[in-house]
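All remarks here apply to the structure that follows.
Number of protein chains: 2
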Amino acid sequence: MAKYQDIYNTLLSQIEDRTYRPGEMLPGEHELMQVYDASRDTVRKSLSLLAQNGYIQKAQGKGSVVLDINQFEFPLSGVVSFHELAPSLGKNVKTQVVMLEKMHPDPHMQENLHLSAEEYMWVLQRVRMVDGEAVILDTDFLNAQIIPHLPAKEMKKSLYVYLEDELHLPISYAEKEITCAMATNEDRMLLDMKNFDMVVNVESYTYLDDSRIFQFTSSRHRPDKFIFKDFARRIHRI
Amino acid sequence: MAKYQDIYNTLLSQIEDRTYRPGEMLPGEHELMQVYDASRDTVRKSLSLLAQNGYIQKAQGKGSVVLDINQFEFPLSGVVSFHELAPSLGKNVKTQVVMLEKMHPDPHMQENLHLSAEEYMWVLQRVRMVDGEAVILDTDFLNAQIIPHLPAKEMKKSLYVYLEDELHLPISYAEKEITCAMATNEDRMLLDMKNFDMVVNVESYTYLDDSRIFQFTSSRHRPDKFIFKDFARRIHRI
DNA sequence: ATGTATTTGTACGTATGTATG
DNA sequence: ACATACATACGTACAAATACA
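This is how it looks when you write it as structure tokens:
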């Protein structure tokens with residue numbers, strides 16, 4: 017763990033446990049240098065990370081103020097798995113594995129995962145139950161050349177925990193696309209759709225450190241249970 | 017313009033005009049130091065910005081590879097206004113101003129915009145037409161203490177251009193929340209809803225450099241015309 | 001209104017560590 | 001084993017914005 021990451025994690029914990037409350041100023045950079053026995057460069061890296069992720073706002077001549085956002089759950093924002101954010105939902109959350117198969121990709125998935133027809137992919141389908149209702153249908157397609165084994169019992173917990181902690185795969189970044197779609201028969205079979213006739217479809221492509229794609233996921237949500245929160249800084253060009 | 021921003025903008029232009037194509041490597045940091053007569057620190061700041069925004073992927077020991085995303089439009093991602101992204105939609109786009117009024121905020125908006133009952137806010141309602149169909153209903157609530165005048169004719173173009181170029185307001189960051197909602201009578205009156213009975217509602221809170229909130233926006237989209245793309249890097253904690 | 005101290009922003013230099021080829 | 005490239009960390013200096021006496 018690099019020093020600047022240590023400082024980032026410590027400050028983040030202190031923001032989350034309200035040692036530093038929204039509206040309050042963080043200690044200045046010089047003070048943090050002394051507290052953590054670090055150079056200004058290192059302290060500034062940590063603060064920049066906090067600012068990027070929406071925890072603080074920096075202001076020249078003033079200091080860094082703690083923002084009062086990020087106090088709620090941040091479903092789907094960033095590259096976060098369902099089980100990582102489940103605790104913050106504070107609900108009764110369960111996962112049912114509907115399908116787990118190794119197969120050849122069809123032409124569409126060959127393109128999505130950059131596979132040839134002879135190679136293999138995993139297809140993992142899971143239903144997410146919140147408070148006893150089936151409200152999310154996740155279908156994952158994984159490059160089986162990168163992930164040879166996928167134990168079914170692990171999949172009831174977190175795919176990401178298995179990939180990172182067991183396989184030490186360096187998950188790096190993701191592209192996501194959110195759209196609406198009409199509910200399919202599969203949606204109606206596997207989800208408690210009530211009277212809704214649409215779903216929110218979140219498609220994501222996940223990449224490793226070396227920019228290899230290893231996962232494509234379609235996550236279909238019942239519309240009343242869907243929420244996406246985002247924090248973004250404005251980028252001024254020219 | 018700081019040097020690192022210059023380098024960022026130059027490299028970004030070169031990525032967009034395909035001087036550097038997806039899959040290709042950028043020049044190494046030492047080469048960029050010579051090209052731009054800059055220190056390594058400065059070059060690295062530029063590259064980090066490109067990586068944050070999804071244009072390149074850096075890899076220790078290898079270099080920086082250009083990613084092939086961000087080639088499409090990025091609707092709503094980041095803090096971007098409708099008119100800024102309209103050209104990338106490449107469609108026939110028009111805006112109708114439905115309402116522009118200065119009034120006192122109700123209790124709900126007093127809380128959203130941090131206003132007292134005696135202060136004023138602007139309410140700006142606009143319908144976005146794409147290819148002749150009314151598909152987006154934007155309702156903006158703006159702190160009238162920060163923005164005293166709001167000329168109606170400017171609003172047919174871009175609110176953000178007016179706020180930044182005319183008023184020099186330092187727009188800094190935004191929180192957004194995407195949910196689904198049943199279409200209201202207002203939605204059905206102002207939008208071409210076809211047979212859809214739901215809308216996608218994007219609520220956003222926009223802040224200035226000093227963390228003052230100055231805008232709350234509700235943007236209601238017909239579901240078949242809604243798309244949101246996101247790029248996110250995984251943050252590893254502890 | 002002015003000057004001074006404080007705080008963050010930018011830029012440069014140097015050294016060492018780590019991953020890749 | 002070696003060279004290359006990025007990552008981290010330390011230092012210094014000055015600029016720009018802010019706060020305050």
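So the protein lines, in turn, are chains A and B. Following the working numbering, the numbering of the first sequence begins with 17 at its first residue and continues without gaps. Following the working numbering, the numbering of the second sequence begins with 17 at its first residue and continues without gaps. By construction, the Cβ of each residue, glycine as well, lies at the ideal position given by its N, Cα and C atoms.
(request) Check whether the Cβ of E191(A) lies closer than 8 angstroms to any Cβ atom in chain B. (result) yes
(request) Can you give me the start and stop residues for the alpha helix (DSSP H) that E202(A) sits inside? (result) 201–206
(request) Less than 8 angstroms between the CB atoms is what I'm expecting for L27(A) and L83(A), so what's the real figure, rounded? (result) Incorrect: roughly 13 angstroms between the Cβ atoms, too far for contact.
(message) Tell me the DSSP secondary structure of L179(A) in three-state form.
(response) helix
(request) Anything in chain A within Cβ reach of F247(B), meaning under 9 angstroms, just list it in chain order. (result) Y189, A190, E191, K192
(request) Count the other CB atoms, across all protein chains shown, that sit within 10 Å of the CB of E117(A); report buried if there are 16 or more and exposed otherwise. (result) exposed
(message) Among L140(A), D225(A), D203(A), F230(A), whose alpha-carbon lies nearest the alpha-carbon of R236(A)?
(response) D203(A)
(message) Short of 7 angstroms Cβ to Cβ, which residues in the stretch 152–185 of chain B face chain A?
(response) none
(request) Determine, using beta carbons only, whether S227(A) comes closer than 8 angstroms to chain B. (result) yes
(request) Please list the partners that V146(B) has in chain A, where partner means a Cβ-to-Cβ separation under 9 angstroms. (result) The contacting residues do not exist; V146(B) stays about 15 angstroms from chain A at best.
(message) Does the contact criterion of 3 or more C-beta pairs under 8 angstroms hold for the stretch 172–186 of chain B versus the stretch 219–231 of chain A?
(response) no
(message) Just to confirm the assignment, what range does the alpha helix (DSSP H) spanning R60(B) have?
(response) 56–68
(request) Work out the CA separation of H165(A) and T233(B) for me, nearest whole Å. (result) 47 angstroms
(message) Measuring alpha carbon to alpha carbon, tell me which residue in N201(A), F230(A), R37(A), K169(A) is nearest D156(A).
(response) F230(A)
(message) Classify T222(B): buried if its beta carbon has 16 or more other beta carbons within 10 angstroms, exposed otherwise.
(response) buried
(request) Note the first and the last residue of the continuous alpha helix (DSSP H) segment covering E134(A). (result) Looking at the DSSP string, E134(A) is not in any alpha helix (DSSP H), and its letter there is neither H nor E.
(request) May I have the straight-line CA-CA distance separating I187(A) from Q73(B), to the nearest angstrom? (result) 12 angstroms
(request) Could you list which residues in chain A have their beta carbon closer than 8 angstroms to that of I243(B), in chain order? (result) E193, I194, T195
(message) Measuring only the C-alpha atoms, how far is K169(B) from S80(A)?
(response) 38 angstroms
(message) In the DSSP assignment, the alpha helix (DSSP H) including Q126(B) goes from what residue to what residue?
(response) 123–129
(message) On a Cα-Cα basis, can you pick out the residue from A75(B), A160(B), A197(B), E127(B) that is closest to M41(B)?
(response) A75(B)
(message) Would D240(A) pass as an interface residue toward chain B - the criterion being a Cβ-Cβ separation below 8 angstroms?
(response) yes
(message) Just to make sure I have the definition right: I need the residues of chain A whose C-beta is within less than 7 angstroms of the C-beta of R56(B). Which are they?
(response) Within chain A, no residue comes near R56(B); the closest Cβ sits about 12 angstroms away, beyond 7 angstroms.
(message) Give me the residue from P167(B), V113(B), Y136(B) with the minimum Cα distance to R142(B).
(response) V113(B)
(request) Compare the C-beta of E89(A) with all C-beta atoms of chain B and state if any pair is closer than 8 angstroms. (result) With a pLDDT of 41 at E89(A), under the threshold of 50, the predicted position of this residue should be treated as unreliable, and no value is reported.
(message) If we define contact as Cβ-Cβ less than 8 angstroms, is R60(B) a contact residue for chain A?
(response) no
(message) As an exercise, report each continuous alpha helix (DSSP H) stretch of at least 4 residues that is fully enclosed by the stretch 207–253 of chain B, in chain order.
(response) none
(request) Name the residue from A199(B), D53(B), I152(B) whose alpha carbon lies nearest to the alpha carbon of M214(B). (result) A199(B)
(request) To the nearest angstrom, report how far apart N25(B) and N25(A) are at their CA atoms. (result) 31 angstroms
(message) So with CB distances below 8 angstroms, who are the chain A contacts of L83(B)?
(response) S227
(request) Put T26(A) into one of helix, strand or coil per three-state DSSP. (result) helix
(request) List the residues of chain B that R34(A) touches, going by C-beta distances under 7 angstroms, in chain order. (result) The premise fails here: R34(A) is roughly 18 angstroms from chain B at the closest Cβ pair, so nothing lies under 7 angstroms.
(message) Please report whether the beta-carbon of R236(A) lies at a distance below 8 angstroms from any beta-carbon of chain B.
(response) no
(request) Would you tell me roughly how many angstroms separate the C-alpha atoms of V109(B) and V146(B), rounded to the nearest one? (result) 5 angstroms
(message) Among N201(A), H46(A), A18(A), whose alpha-carbon lies nearest the alpha-carbon of L153(A)?
(response) N201(A)
(request) Would you kindly work out how many angstroms separate the C-alpha atoms of L131(B) and D57(A), rounded to a whole number? (result) 39 angstroms
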